[in-house]
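In my numbering, the protein residues as written are 4 to 102.
Note that the Cβ used here is the ideal one computed from N, Cα and C, for glycine as well.
What follows is a single structure, written as structure tokens, with notes after it.
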């Protein structure tokens, strides 16, 4: 078993991705770009007052959570998780405002 000291010092098993190594896999690098493009598209839809913008934004943030776990860049979680909550709240507010 790994000690908590090994986790905090960044020691990782040979088979796993290195911390902060976003380029560890071409698939993850492509996922970064796809998530970024979908996020920008969702923000455009939200700006156009389209309900799908909030839904697409949640999907994009779920992709960022996947990227965070694959690359071990935990700061992405600090952005993605609250943003999902905010998008759901804004969709709920938009939906009830239309009725």
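- CA-to-CA, the gap between residue 79 and residue 73 works out to about 11 Å.
- The residues 66, 69, 70 and 73, in chain order, have a CB closer than 8 Å to that of residue 34 in the same chain once the five nearest residues on each side in sequence are set aside.
- Under the three-state reduction of DSSP output, residue 52 falls in the coil class, being neither helix nor strand.
- Assigned with DSSP and collapsed to three states, residue 41 falls in helix.
- When C-alpha distances from residue 86 are compared across 42, 55, 75 and 32, the shortest belongs to 42.
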